[in-house]
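Working notes, beginning with the structure itself.
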Amino acid sequence: MNHVQISIAADAAAQETIIGLLEETATGFEQQDDRILAYIEAQNFEPEAFAGLLKDFPFTVETIGARNWNAEWEKNFPPVIVNDFVAVRAHFHEPISGVRHELLITPKMSFGTGHHATTWQMMQAMETLDFTGKRVFDFGTGTGVLAILADKLGASEVIAIDNDQWSLENAEENCVRNASRNVKVALSADLPEGERFDIVLANINRNVLIDYADYLQKAVVPGGYLLLSGLLIEDRGAIEEVYTARGFVPQRYTERGNWISLGFVNKL
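So the sequence shown is numbered by the working numbering: it starts at 750 and just counts up by one.
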């Protein structure tokens, strides 16, 4: 399948805006220091429409053929190690010793390989939580890396949802590769109303986390834990205001580069 690669000049804050603009159409993104690459199926690319969406950003467009994404990852994806807690590697890497958990991720175009500072911080924070026997909700699962880690940490059930079919297929493959039998992957629209969870993980972006604050509040049991990322340092005030107004009490804050993660307990 041919794709169009849109290379957009943007800093970290602007990249989150661009993801929000293109997430309904793009099959994947690659974030770099000074630009973001968006991949869109060629049949879905409408030049005039995208020119309008991206009018505030310099960008170039390139049509690319079907790629060997394993080869791309082998060139560009070193293993990710979070202290002695967890390592994320592809199948072509050598096994990593000295960590308690090792995750294998199949190369494809979806979020959450473990390289991005937000995913790294989410995994770091997960080390501090007790997942044993808990019901977990991964809101916007991407590659499934956080859901798989929750399963390895002893969760009794993990519901992992995404609105992107490519990501869901990738997450399912990764669950099989990691023997994560307690993870159920589903489209966002398939989640039954009224489901509640002990721990909710949401590594997305500021706008989605604000728009879905009521939804996420209802998804966390009283006394349950909500872990958020996909956020920039300057997003902290707005996110804490929105979630504390809904009964959440801040418990944790970390930074990595320009990115942050926030942890809350639901007191309602």
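For every residue, glycine included, the Cβ atom is placed at its ideal position computed from N, Cα and C. Since this is a predicted model, take the numbers as computed values, not measurements.
Same chain, Cβ closer than 6 Å to residue i, neighbours up to 5 away in sequence not counted
i	result
residue 880	899, 902, 903 and 904
residue 1003	870 and 1010
residue 884	906, 946 and 947
residue 873	831
residue 794	753
residue 814	751
residue 969	949, 975 and 1015
residue 886	908, 946, 949 and 968
Residues near residue i by beta carbon distance below 8 Å, same chain, minus five either side
i	result
residue 980	867, 954, 955, 958, 988, 1008, 1009, 1010 and 1011
residue 770	802 and 803
Residue i, enclosing beta strand (DSSP E) - first and last residue
i	result
residue 1005	997 to 1005
residue 971	969 to 981
residue 852	850 to 853
residue 950	946 to 952
residue 808	808 to 813
residue 752	752 to 758
residue 936	932 to 936
residue 793	First-last for residue 793: undefined, no H or E at that position.
residue 909	906 to 911
residue 841	Per DSSP, residue 841 belongs to no beta strand (DSSP E) and is neither H nor E.
residue 888	884 to 888
residue 780	777 to 780
residue 880	No beta strand (DSSP E) holds residue 880; DSSP gives it neither H nor E.
residue 1011	1008 to 1015
Proximity of residue i and residue j at Cβ, strictly below 9 Å
i	j	result
residue 945	residue 972	no
residue 933	residue 908	yes
residue 913	residue 776	yes
residue 812	residue 855	no
residue 1006	residue 761	yes
residue 952	residue 889	yes
residue 895	residue 966	no
Start-to-end residues for the alpha helix (DSSP H) that takes in residue i
i	result
residue 870	866 to 875
residue 991	985 to 993
residue 914	914 to 926
residue 957	955 to 960
residue 902	No alpha helix (DSSP H) contains residue 902, which DSSP labels as neither H nor E.
residue 1028	The structure shown does not extend to residue 1028, since the chain spans only 750 to 1017, so no value can be given for it.
residue 798	796 to 802
Distance between beta carbons of residue j and residue i, contact taken as under 8 Å
i	j	result
residue 827	residue 845	With 8 Å as the limit, residue 827 and residue 845 do not qualify as a contact, their Cβ atoms being about 11 Å apart.
residue 937	residue 910	5 Å
residue 949	residue 975	5 Å
Closer than 8 Å: residue i CB and nearest the ligand COA heavy atom
i	result
residue 908	For the structure depicted, the ligand COA is absent and the ligand set is empty, with no information on it obtainable.
7 Å CB neighbourhood of residue i in its chain, flanking five on each side removed
i	result
residue 810	753 and 755
residue 842	828
residue 926	853 and 855
residue 759	767, 784, 785 and 806
residue 878	948 and 974
residue 991	959 and 962
residue 774	789 and 793
residue 757	767, 784, 785, 787, 803, 806 and 808
Task: Touching by the beta-carbon criterion (3+ pairs, under 8 Å), the segment 780 to 793 and the segment 834 to 841 - done: no
Task: the segment 759 to 768 contacting the segment 797 to 813, beta-carbon criterion three pairs below 8 Å - done: yes
TODO: Evaluate contact between the segment 983 to 997 and the segment 789 to 804, counting only Cβ atoms and requiring at least three cross-stretch pairs below 8 Å.
DONE: no
Open item on the list: Check whether the segment 785 to 797 and the segment 839 to 850 are in contact - that is, three or more C-beta pairs closer than 8 Å.
Closed with: no
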